[in-house]
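Residue numbers (the working numbering): 556 to 619.
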C-alpha cells in the first residue's frame, strides 16, 4: 500500500509540471500575438523574407 501512494504522488507531480508548462506555452503565444497586433495597430510591422531580408512596413501594408 505504501508503494502505491508514492507512485500516485510522483504521477501527480508530473501532471502538475506538464500542466504548468502547457499553460506557460499558451500564455507566451497569446502575449506574442497581442504584441504583434498592438504594433500593427500603431502603424508599423516587420516582415522577414525567406532570403533573410527584413522589410519594415507601415499602415495598411502590414495587413497584406
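Beta carbons are placed, not taken as given, at the ideal position from N, Cα and C, and that holds for glycine. Note that the coordinates shown come from a computational prediction; the quantities given were computed from them, not determined experimentally.
Backbone secondary structure at residue i - three-state DSSP
| i | result |
| --- | --- |
| residue 612 | strand |
Contacting residues, own chain, Cβ-Cβ under 6 Å from residue i (five flanking each side not counted)
| i | result |
| --- | --- |
| residue 603 | 609 |
Inter-residue spacing [alpha-carbon to alpha-carbon] between residue i and residue j
| i | j | result |
| --- | --- | --- |
| residue 611 | residue 617 | 9 Å |
| residue 566 | residue 582 | 24 Å |
| residue 572 | residue 579 | 10 Å |
| residue 576 | residue 568 | 12 Å |
| residue 585 | residue 592 | 11 Å |
| residue 615 | residue 607 | 23 Å |
| residue 590 | residue 598 | 13 Å |
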